[in-house]
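>
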Ligand SMILES: Cc1cc2nc3c(=O)[nH]c(=O)nc-3n(C[C@H](O)[C@H](O)[C@H](O)COP(=O)(O)OP(=O)(O)OC[C@H]3O[C@@H](n4cnc5c(N)ncnc54)[C@H](O)[C@@H]3O)c2cc1C
Ligand code: FES
Ligand code: FES
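Residue numbers (the working numbering), protein chains in the order written: chain R, -13 to 151; chain E, 4 to 272.
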């Protein structure tokens, strides 16, 4: 088995790995780095459970070879927490709004919504629905997820206000 | 659902990429965004012996807008093209169609040039290239050539890219001032490939539509009399060759082609 070196950071920690070229990023995160927060549902780009951020943008980790990410900054759901280590605003909002049941889809929603709120401060319900349209959830029926996107926007605005004061 | 093994190449310059493609010939495939290639490999529908990853080649990710064209580089992601304000001003159809390509998360990684090379008969951007008389520029270690849209799409999931070649850019011509365009489609779920879609451009009294999901590639239909509904319907019906599949019957696609053409033309007239 031939391996290829690749260096990237995950949630701010640098890693130098040797992986088989065919290693999917989702598997490199889960099996090589033991970051099992990233979930794998369909493994062909449809469900969104495996969504992570690459240089700030949401992407499907099941549709990327780890070797292609040399030099990238990756953020997984484990990196969407508060600086103190507690829940980040999106996680807090999902908790408050009861926006998860089994929780399998949640990591993909949390990463997607975290990136979305960076440039959408105050989404309407329709916009929130559009923002999560690429993520599937079999349990909740989405109503509480849409509420959580709006609540997360409020919480994020509160944190930004605190930063400023 | 794991992709088969392959030899991996990560060139850091265009010259190196062309060299390795020349050396490997038909054994190698280019890896761009991977949003079509990786799922095909995971499903074992493709098993290339080698991949040449062009994601680290500098200078390929530009979107250049000039007086008469928009030139999209091989590594310009769909989202980059979609959000480029100058490209939108020059050719609004680009963003209109891109908003129908998959979900934002897929568009963050998938490239517009990759989607042209991939040549899915239900993909939107091949139809846009045809509507705007565009072309694809291919480079190899031995030279360069431009292939016009009407010759580039050679069959379902096939395009005129030869072993050893890299598609370095796609050029979309800016339609004349005062032109209007629209793109409409029906898909099973938001973000899915279209069951049927229609792009339309009207300028200086001439009109053309391009249909997707109803042929081996995009079907371009020039309309001499866009105001005569019977002639439009007949021209579209004669041009398309829809087939049955798990998503829809050929009859339903034929029906959609008519309805969407009417609506798209109503939007631009
Ligand atoms: C869930 C899902 C839904 C989607 N829905 C749609 C949709 O509605 N409409 C749509 O149009 N697309 C859709 N796509 C596909 C998406 O647009 C792809 O990004 C695109 O088709 C391919 O671009 P890529 O850069 O990812 O190419 P890759 O996957 O990297 O490559 C695709 C093929 O093109 C070749 N290739 C790529 N770039 C070059 C180049 N520069 N030179 C030579 N060969 C090259 C590769 O070798 C490969 O054979 C969807 C994808 C997914 C996963
Ligand atoms: S596991 Fe990646 S999109 Fe479903
Ligand atoms: S909470 Fe179960 S799939 Fe979303």
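We put the beta carbon where it would ideally sit given N, CA and C, even for glycine.
Here's the rule I'm using: 16 or more other beta-carbon atoms within 10 Å means buried, otherwise exposed. How should residue 169 of chain E be labelled?
Taking the second chain and counting its residues from 1, one reaches residue 169 of chain E at position 166. Burial call: buried.
> Would you kindly report the start and end of the unbroken beta strand (DSSP E) that includes residue 95 of chain E?
Counting from one through the second chain, the residue named residue 95 of chain E turns up at place 92. Run containing residue 95 of chain E: none in the beta strand (DSSP E); it sits in the alpha helix (DSSP H), 95 to 101.
> State yes or no: is the beta carbon of residue 51 of chain R nearer than 8 Å to at least one beta carbon in chain E?
On the first chain, residue 51 of chain R is found 65 positions in, with the first residue counted as 1. True, the Cβ-Cβ gap to chain E drops below 8 Å.
> Residues of chain R with a CB under 8 Å from the CB of residue 64 of chain E: which are they?
Here the question's residue 64 of chain E lines up with position 61 in the second chain. Chain R residues near residue 64 of chain E: none, gap ~13 Å exceeds 8 Å.
> Given the structure, does residue 59 of chain E come close to ligand 1, in the sense that its CB is under 7 Å from one of the ligand's heavy atoms?
The residue you call residue 59 of chain E lines up with position 56 of the second chain. Residue 59 of chain E Cβ: outside cutoff for every heavy atom of ligand 1.
> Is it a yes or a no for the stretch 122 to 130 of chain E touching the stretch 215 to 228 of chain E, going by three-plus beta-carbon pairs under 8 Å?
Verdict: yes, contact present.
> Do residue 156 of chain R and ligand 2 come close, with the Cβ less than 7 Å from some heavy atom?
Residue 156 of chain R is absent from the structure shown; chain R starts at -13 and stops at 151.
> So what does DSSP say about residue 153 of chain R, is it helix, strand or coil?
Residue numbering for chain R in the displayed model covers -13 to 151; residue 153 of chain R lies beyond these limits and cannot be assessed.
> CA-CA distance, residue 11 of chain R and residue 9 of chain E?
Mapped onto the first chain, residue 11 of chain R falls at position 25. Mapped onto the second chain, residue 9 of chain E falls at position 6. The alpha-carbon atoms of residue 11 of chain R and residue 9 of chain E are separated by roughly 16 Å.
> Checking 8 Å against the spacing of the C-beta atoms, do residue 184 of chain E and residue 197 of chain E come in under that value?
For the purposes of this step, residue 184 of chain E is identified with residue 181 of the second chain, where counting begins at 1. For the purposes of this step, residue 197 of chain E is identified with residue 194 of the second chain, where counting begins at 1. Their beta carbons are not under 8 Å apart, which means residue 184 of chain E does not touch residue 197 of chain E by this criterion.
> Is the Cβ of residue 23 of chain R closer than 8 Å to any Cβ of chain E?
Translated into positions along the first chain, residue 23 of chain R becomes position 37. Closer than 8 Å: no.
> Compute the beta-carbon to beta-carbon distance between residue 75 of chain E and residue 172 of chain E, rounded to the nearest angstrom, for a pair I have assumed lies under 8 Å.
Numbered from 1 along the second chain, position 72 holds the residue referred to as residue 75 of chain E. Numbered from 1 along the second chain, position 169 holds the residue referred to as residue 172 of chain E. Their Cβ separation, rounded to whole angstroms, is 6 Å, which keeps residue 75 of chain E and residue 172 of chain E in contact under 8 Å.
> Helix, strand or coil for residue 185 of chain E, going by three-state DSSP, please let me know.
As a working note, residue 185 of chain E is residue 182 in the second chain. The answer is strand: DSSP assigns residue 185 of chain E an E or B state.
> Can you list the residues of chain R that residue 51 of chain E reaches, using a CB-CB cut of under 7 Å?
For this step, residue 51 of chain E is matched to residue 48 along the second chain. Result: empty, since nearest Cβ-Cβ is about 11 Å, beyond 7 Å.
> Going along the chain, which residues of the stretch 10 to 37 of chain E sit with their C-beta nearer than 9 Å to a C-beta in chain R?
Correct list: 10, 11, 13, 34, 36 and 37.
> Going by the CB atoms, is the gap between residue 186 of chain E and residue 103 of chain E shorter than 8 Å?
In the second chain, the residue the question calls residue 103 of chain E occupies position 100. In the second chain, the residue the question calls residue 186 of chain E occupies position 183. Result yes, Cβ atoms of residue 103 of chain E and residue 186 of chain E sit closer than 8 Å.
> Around ligand 3, which residues pass a check of Cβ closer than 5 Å to any of its heavy atoms?
With the cut-off at 5 Å, the residues found are R:86, R:87, R:88, R:90, R:91, R:123, R:124 and R:125.
> Per DSSP, what kind of secondary structure is residue 61 of chain R in: helix, strand or coil?
Residue mapping note: residue 61 of chain R aligns to position 75 of the first chain, counting from 1. In the structure shown, residue 61 of chain R sits in a strand (DSSP, three-state: E or B).
> For chain E, find out if any of its Cβ atoms is closer than 8 Å to the Cβ of residue 59 of chain R; answer yes or no.
The sequence position of residue 59 of chain R within the first chain is 73, counting from 1. Cβ-Cβ to chain E under 8 Å: no for residue 59 of chain R.
> Which residues of chain R have a Cβ atom closer than 9 Å to the Cβ of residue 3 of chain E, listed in chain order?
This structure gives no information on residue 3 of chain E, because the portion of chain E shown stretches from 4 to 272.
> Residues bridged to residue 80 of chain R by DSSP?
Taking the first chain and counting its residues from 1, one reaches residue 80 of chain R at position 94. DSSP, once it has assigned bridges, lists no residue as partnering residue 80 of chain R.
> I think residue 125 of chain E touches residue 215 of chain E, with their Cβ atoms under 8 Å apart; what is that distance to the nearest whole Å?
Here residue 125 of chain E refers to the residue found at position 122 of the second chain. Here residue 215 of chain E refers to the residue found at position 212 of the second chain. Residue 125 of chain E to residue 215 of chain E, Cβ: 5 Å. Contact.
> Mind reading off the beta-carbon distance from residue 25 of chain R to residue 90 of chain R? Whole number of angstroms is fine, and I expect it under 8 Å.
Position 39 of the first chain, counted from the start, is the residue given in the question as residue 25 of chain R. Position 104 of the first chain, counted from the start, is the residue given in the question as residue 90 of chain R. Confirmed, Cβ separation roughly 6 Å.
> If you draw a straight line from the alpha carbon of residue 199 of chain E to that of residue 19 of chain R, how long is it in whole angstroms?
Counting from 1 along the second chain, the entry for residue 199 of chain E is found at position 196. Counting from 1 along the first chain, the entry for residue 19 of chain R is found at position 33. Near 43 Å, if we compare the C-alpha coordinates of residue 19 of chain R and residue 199 of chain E.
> Look at the alpha carbon of residue 44 of chain E and the alpha carbon of residue 58 of chain R, and state the distance between them as a whole number of angstroms.
Here residue 44 of chain E refers to the residue found at position 41 of the second chain. Here residue 58 of chain R refers to the residue found at position 72 of the first chain. Cα-Cα distance, rounded: 23 Å.
> Could you give the distance in angstroms between the alpha-carbon of residue 36 of chain R and the alpha-carbon of residue 114 of chain E?
Working through the first chain from its first residue, we reach residue 36 of chain R at position 50. Working through the second chain from its first residue, we reach residue 114 of chain E at position 111. Cα to Cα, residue 36 of chain R sits roughly 20 Å from residue 114 of chain E.
> Find the residues of chain E that neighbour residue 110 of chain R, judging by a C-beta separation of less than 9 Å, and give them in chain order.
Numbered from 1 along the first chain, position 124 holds the residue referred to as residue 110 of chain R. What residue 110 of chain R touches in chain E: nothing, since even the nearest Cβ is about 17 Å away.
> Within 7 Å: the Cβ of residue 4 of chain E and any heavy atom of ligand 1?
By one-based count along the second chain, residue 4 of chain E stands at place 1. Answer for residue 4 of chain E: no, Cβ out of range of ligand 1.
> So residue -9 of chain R contacts chain E; which residues on that side make the cut at Cβ distance below 8 Å?
As a first step, residue -9 of chain R must be located in the first chain, where it is residue number 5. Those do not exist, as residue -9 of chain R stays about 10 Å from chain E at its closest Cβ, beyond 8 Å.
> With a Cβ-Cβ cutoff of 8 Å, do residue 137 of chain E and residue 80 of chain E count as a contact?
On the second chain, position 134 is the one that residue 137 of chain E refers to. On the second chain, position 77 is the one that residue 80 of chain E refers to. It is not a contact, given that the beta carbons lie outside the stated cut-off.
> Compare the C-beta of residue 93 of chain R against all C-beta atoms of chain E and say whether one is closer than 8 Å.
As a working note, residue 93 of chain R is residue 107 in the first chain. False, the Cβ-Cβ gap to chain E never drops below 8 Å.
> Any heavy atom of ligand 1 closer than 7 Å to the Cβ of residue 35 of chain E?
Looking up residue 35 of chain E in the second chain gives position 32. Checking every heavy atom of ligand 1 against the Cβ of residue 35 of chain E, one is found closer than 7 Å.
> Between which two residues does the alpha helix (DSSP H) holding residue 20 of chain E run?
Looking up residue 20 of chain E in the second chain gives position 17. Residues 17 to 27.
> Hey, quick one: how far does the alpha helix (DSSP H) through residue 93 of chain R stretch, first residue to last?
The residue labelled residue 93 of chain R in the question sits at position 107 within the first chain. Run containing residue 93 of chain R: 92 to 105, per the alpha helix (DSSP H) assignment.
> In the DSSP output, what is residue 199 of chain E paired with across the bridge?
Against the second chain, residue 199 of chain E aligns to sequence position 196. Paired residues: E:189.
> Using a Cβ-Cβ distance cut-off of 8 Å, determine whether residue 7 of chain R contacts chain B.
Of the protein chains in the structure, R and E, none is chain B.
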